[in-house]
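In this note's numbering, the protein residues as written are 379 to 480.
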Amino acid sequence: MANPQLYSNYRLINNLLSKTIRQEFGSHITINLNPLKYMLNRTHYSYWVEGVEQVSLDLKQPVSLKELNHIESRLLSSLNMILKCVELENFKEIKKVNVLIT
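The structure is reproduced here in structure tokens:
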């Protein structure tokens, strides 16, 4: 059975990340941290080797490639900052964010 604390952490991290990105880039952007990847990363060995998370990005209006790159780098830095606060003892730095645009 999955750890209930892990699910609570996921919900908190996803909510904080979404608010951070929307505040900086506008309400036309919706993001969602992939829950399956998040859970697998914390219950499977490959997380400690890879350090990769997956985020879905839903854009309600067109954005430039430059802005997409800025969003991706902001996702990475914000996610690491949030993880440092939420996963105090088990924090491992995320090195890459795979962004899926929907």
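Glycine residues also receive a C-beta, built at the ideal position from the N, C-alpha and C atoms. As the structure is a computational prediction, the values presented were derived from the model and not from experiment.
Comparing C-alpha distances from Ile449 to each of Tyr416, Val430, Ile409, Leu466 shows the shortest one belongs to Ile409. For Ile399, the three-state secondary structure derived from DSSP is helix. Contact fails between the segment 436-454 and the segment 413-423, because fewer than three Cβ pairs, one in each stretch, are under 8 angstroms apart. For Val464, the uninterrupted alpha helix (DSSP H) segment begins and ends at 443-464. Closest in C-alpha terms to Val477, from the list Asn447, Arg400, Cys463, Lys462, comes Asn447. Contact between Ile407 and Leu435 holds, with the beta-carbon distance rounding to 7 angstroms and staying under 8 angstroms.
Using a 10 angstroms sphere on the CB of Glu431, the tally of other CB atoms reaches 16 or more, which defines it as buried.
In chain order, Leu435, Leu437 place their CB closer than 7 angstroms to the CB of Ile479, counting only its own chain and leaving out the 5 sequence neighbours on each side. Counting other Cβ atoms within 10 Å of its Cβ, Asn393 stays below 16 and is therefore classed as exposed.
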